[in-house]
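Number of protein chains: 4
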Amino acid sequence: MKIAFLGLGKMGSGMARNLLHAGHELTVYNRTREKADRLGREGARVAGSPAEACRGCEAAVSMLADDHAVEAMGLAEVLPAGAVHISSSTISTALARRLAATHAGRGQHYVGAPVFGRPEAAEKKTLIVVAAGDAAQIERCRPVFDGIGRQTFIAGGEPWQANAVKLSGNFMLASMLETFAEAYALLRKSGVDPHLFLDVMNALFASPVYANYGRIAADEQFEPAGFALKLGLKDARLVLQTADEAAAPMPLAGVIHDRLLAGLAQGQAEMDWSSIARVAARNAGL
Amino acid sequence: MKIAFLGLGKMGSGMARNLLHAGHELTVYNRTREKADRLGREGARVAGSPAEACRGCEAAVSMLADDHAVEAMGLAEVLPAGAVHISSSTISTALARRLAATHAGRGQHYVGAPVFGRPEAAEKKTLIVVAAGDAAQIERCRPVFDGIGRQTFIAGGEPWQANAVKLSGNFMLASMLETFAEAYALLRKSGVDPHLFLDVMNALFASPVYANYGRIAADEQFEPAGFALKLGLKDARLVLQTADEAAAPMPLAGVIHDRLLAGLAQGQAEMDWSSIARVAARNAGL
Amino acid sequence: MKIAFLGLGKMGSGMARNLLHAGHELTVYNRTREKADRLGREGARVAGSPAEACRGCEAAVSMLADDHAVEAMGLAEVLPAGAVHISSSTISTALARRLAATHAGRGQHYVGAPVFGRPEAAEKKTLIVVAAGDAAQIERCRPVFDGIGRQTFIAGGEPWQANAVKLSGNFMLASMLETFAEAYALLRKSGVDPHLFLDVMNALFASPVYANYGRIAADEQFEPAGFALKLGLKDARLVLQTADEAAAPMPLAGVIHDRLLAGLAQGQAEMDWSSIARVAARNAGL
Amino acid sequence: MKIAFLGLGKMGSGMARNLLHAGHELTVYNRTREKADRLGREGARVAGSPAEACRGCEAAVSMLADDHAVEAMGLAEVLPAGAVHISSSTISTALARRLAATHAGRGQHYVGAPVFGRPEAAEKKTLIVVAAGDAAQIERCRPVFDGIGRQTFIAGGEPWQANAVKLSGNFMLASMLETFAEAYALLRKSGVDPHLFLDVMNALFASPVYANYGRIAADEQFEPAGFALKLGLKDARLVLQTADEAAAPMPLAGVIHDRLLAGLAQGQAEMDWSSIARVAARNAGL
């Protein structure tokens, strides 16, 4: 399949590489060219602009930082008619709706396909893909999904529904972090070692996600960040926006947002988002 | 070991049976005798009062409904000097401190040993035991812990610390329920099936606890209750009391408490505690 | 003073009329002309477009529904160089910053001047004006402020600071409403008449604002709305956005937002915003 | 009227003095006798024990620190049959119910009569009295209410209802404090002086209570405390307990409780309860 790949950050690099190794004809583009060149040495064609990347492609995958970056990329202006934009960035449901309409207006297709997983999972092709949009287009994109992840779920017929699922999933993760944060603060003030508690929780939940994040927070090893607090805050805002649009109150999302915002205000923007444990600890006088 | 077992409810029956089968010399007591008689037919001695149950015992295990039931049992008055009270009920840290002091004042010992697991786990001897108290006494009680659970964790040198861990663990579970509740409401209003979301979360968290509770809430199968909402509310209160004592603010615990309380006010006391999903749905106009 | 007035809704009509009666040379514009004609019969000139309204004016007052309406009006394109835009709408601090920059880029001036008070206060010239911006421009606008309100406060040298004050003030009001809502629910479930409680609060706070809103909520007289719930929700969003920009967590604003959103989801969009009391009551099983 | 007065703290002293000056035959008791002696010099009889104070009295007014102090006083054991206990302390509704039952069981009467107002108001006889209980007993106690306050409100036929009103009123005050706290933090981070905002709020709410507390928080003049944070926290707990009993969720009360608890954890127990503004400021990175 002739694929354009736009955005070669921590996540995008691994995804693009896997598509390349799966045998697709890949043209890559990144704002700073250096990262693209690395993939160029592995066999990808390197484009100097989004337009060049998309020329003649059948599908264009975008994996960018946020709403602003996706809008600025302006794929609708350069994608061939009939081609499909596979949008993997974590963006707002509102933008997803706008993009779907814009592409449709130009005879192009748009599929929402955000992913779950950290950079290592992107490397190892163990991402979880959540896709939504027109069923035929999703079938068409299967080789791409299979090329980047271990499992694909179909969220619905509207592309933005995939983003609703992705944001809800991040909310599940953030809630786990806040829960650990509060429990650890309580236990530290009760003279109980968070590591002991984590052992019990591992026995109870038996989840690698709990084990991983629970350990980071217990070790207070917040740097370097796996996922920066400022990005977690961005996602928390998107969750609340989606809740607002859907008229579905989410008090717990509000608590999480406030914690991340306090973390930002207290200088933790670049730390791992699990460092909200520090904010909880500070509020407990620790 | 000569053991008295007090409280043969859903949890206690399984625990007592396993102690019996492990070869301990067991005397059981229950407020309503019928449940005790069943164990009597399996080889336990059946006592007509706590005093009779504890006569000559080395350890007395209590597994009762709440603070009130444990206080009403009055074990300190009937336990032989030198014997140890293994307190497995989910009680407040405040009561645990009072009990420890009372027993100490009478030359008896007191160990906190609440457990994680549902009645099936109690039957199958797969409970997780969290013990705390004097190290020598905990060693002495090992055969009991090994007889009722699959793994034992030591939370600290003060018996009430085990209760702090138990309550924190229940808080982790309740938080998961509230998170599912909010996410499901959002997704239902977004036209996404909660079961689809649950599949994604199972792929992400890979936790049997998520799989189980997530399914109950997605199916809205809240009756019969695995764990009644009114009991969850009781535990939420204990968590907040412990937070209060430790001066560790827990905003998320507050959100959970309010949800459970709203569930109670709306007639869901006997439903499963995951039925807070209904409260969240109602607030979203569903 | 030659003044253009744009936006003749419930608030704008009264403000414009008072400026007219104070002897200013007033040209009015409203999207639906009928309201403008009424002022025309009282002596105002009626313009058919914002451009016509602003021709040759020294100051243009805008009093519109929301950010979108203010941006759509596009005053920067029609205001004479050297003239001042007096922005009285309740808009976001972000938009206020953008507008200030846009006007400055065209040699125009921009002053933030939102007001506190209901339509009756606008009629009676008893509004409270909160102004911010360049000190000289504020002095220049004094006759306008004096013409529409009873008192003017200067919030700072940046126009958006007036909006921060306005939004914070609305937050104070909304918080009072939520507090009444929770207290009334508690008291109704305790068999105490909210009117009795209101009498006590009137004796305690001695505030006409408490008396007025407390009575609406006690009477459950939510229609017709003095200030519609959907507008209160809009403002709650602006408060949270401002909190986000300033990195100042506001948990109570989050609670208020959720309540208003639940009210919207439950069909109360057009009711008075004090009808969040209904949401609180419903959560209490009433 | 022959009255016993128990509890001569900041509030009780002023109340007792006014009853004395109103011509009642007053016997006073205080745990530390010195404060009682001062009233003795003004004409009161000084008792060495609650029993001595109550001998032959028609009414006994108690004004003590908390539930524990009221229970420890044990008035039911010393009050003459037919006499009435006027309970003015800020206690839980649960204790009020227990006391009512205990007194009734001994042929005594019990009226709930908590008061609003600070020590100065107690001195100046400008307290607001909220009474509840049997109508005939309330009539009988009128001379006492008139002797200590400027206005009396009847909350209902059950004594504990007066406590529900008192606690709800304290919740209204605490909510105002938290609202100021969040608004001030936001405005400080926006470069706006809280004093300016307070001026606007005074123009808007026109409430002496807002003026007073708003100024304390703007000045950050938290010592000496008018009402200590630790006492505010005690009351917040009682509000939440009452909400729990009534099954009326109060999310805002939860936010307030957490703030006060954080204040306690951060060393502000003895500061004025309006010092939760410091906690909000700290969370905002100030």
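Chains as they are written, first to last, in the numbering used here: chain A, 1 to 286; chain B, 287 to 572; chain C, 573 to 858; chain D, 859 to 1144. The beta-carbon is built from N, C-alpha and C at its ideal position, and this holds for glycine as well. Just so it is clear, the structure is predicted and the values come from calculations on it, not from any experiment.
In the displayed model, ILE1114(D) falls within a helix according to three-state DSSP. Under the three-state reduction of DSSP output, GLN680(C) falls in the coil class, being neither helix nor strand. In this structure, DSSP gives SER779(C) a state outside helix and strand, which the three-state scheme calls coil. Here GLY571(B) is buried: its Cβ has 16 or more other Cβ atoms, across all protein chains shown, within 10 Å. Rounded to whole angstroms, the gap between the alpha carbons of LEU538(B) and ALA467(B) is 14 Å.
Along the stretch 167 to 178 of chain A, going in chain order, the ones with a CB nearer than 7 Å to a CB of chain B are SER168, GLY169, PHE171, MET172, SER175 and GLU178. Residue pairing by DSSP puts GLY442(B) in a beta bridge opposite ALA418(B). The residue from ASN1021(D), ILE861(D), VAL988(D) and LYS1047(D) with its alpha-carbon nearest to that of ARG955(D) is ASN1021(D). Here HIS640(C) is exposed, its C-beta having fewer than 16 other C-beta atoms within 10 Å. One thing to note: LEU264(A) has its Cβ within 8 Å of the Cβ of LYS230(A). Leaving aside the five residues that flank ALA693(C) on each side, the residues in its chain whose CB is nearer than 7 Å to its CB run, in chain order, LEU699.
Along the stretch 50 to 92 of chain A, the alpha helix (DSSP H) occurs as fully enclosed runs of 4 or more residues at 50 to 54 and 67 to 73, listed in sequence order.
Beta-bridge partners of ASP1130(D) (DSSP): ALA1086(D). The stretch 79 to 95 of chain A makes no contact with the stretch 38 to 47 of chain A; the number of CB pairs closer than 8 Å stays below 3. Look at the stretch 188 to 212 of chain A: the residues with a C-beta under 9 Å from a C-beta of chain B are ARG188, LYS189, SER190, GLY191, VAL192, ASP193, LEU196, PHE197, ASP199, VAL200, MET201, ALA203, LEU204, PHE205, ALA206, SER207, PRO208, VAL209 and TYR210. Chain D places no beta carbon closer than 8 Å to that of GLU711(C), leaving this residue out of the contacts. Cβ-Cβ separation between ILE848(C) and GLU750(C): approximately 6 Å, consistent with a contact (criterion under 8 Å).
Within chain A, the residues whose beta carbon sits less than 7 Å from that of MET536(B) are GLU182 and LEU186, listed in sequence order. In this structure, HIS943(D) is the residue among ARG976(D), ALA971(D) and HIS943(D) with its C-alpha nearest to the C-alpha of GLY965(D). The Cβ-Cβ distance between MET859(D) and PRO1001(D) falls below 8 Å. Between GLY963(D) and ALA990(D), the C-beta gap is not smaller than 8 Å, which leaves the two residues out of contact.
Residue environment analysis places HIS195(A) among the exposed positions, since fewer than 16 neighbouring C-beta atoms fall within 10 angstroms of its C-beta. Looking at the DSSP output, TYR887(D) sits in a beta bridge with LEU864(D). Among the residues facing chain C, PHE1080(D) is not included, as its CB has no counterpart in that chain under 8 Å away. Around the CB of THR242(A), 16 or more other CB atoms lie within 10 Å, so the residue is classed as buried.
Within chain A, the residues placing a beta-carbon under 9 Å from that of GLY1143(D) are ALA262, LEU264, ALA265, GLN266 and GLY267, ordered along the chain. When Cβ-Cβ separations below 8 Å define contact, ASP37(A) makes no contact with chain C. Contacts between ALA247(A) and chain C, judged by CB atoms closer than 7 Å, involve LEU833, LEU836 and ALA837 in chain order. Contact between MET1030(D) and MET773(C) holds: CB atoms are separated by about 6 Å, below the 8 Å threshold. Per DSSP, the beta bridge partners of PHE974(D) are ILE986(D). In the structure shown, the three-state DSSP call for GLN1009(D) is strand. The secondary-structure analysis by DSSP pairs ARG617(C) across a beta bridge with THR599(C). Under the 8 Å criterion on CB atoms, ARG1095(D) is classed as interfacial with respect to chain B.
For PHE717(C), the secondary structure class from DSSP, reduced to helix, strand or coil, is helix. Collapsing the DSSP output to three states places GLY857(C) in coil. In summary, ASP791(C) is exposed, with fewer than 16 beta-carbon neighbours lying within 10 Å of its beta-carbon over all protein chains present.
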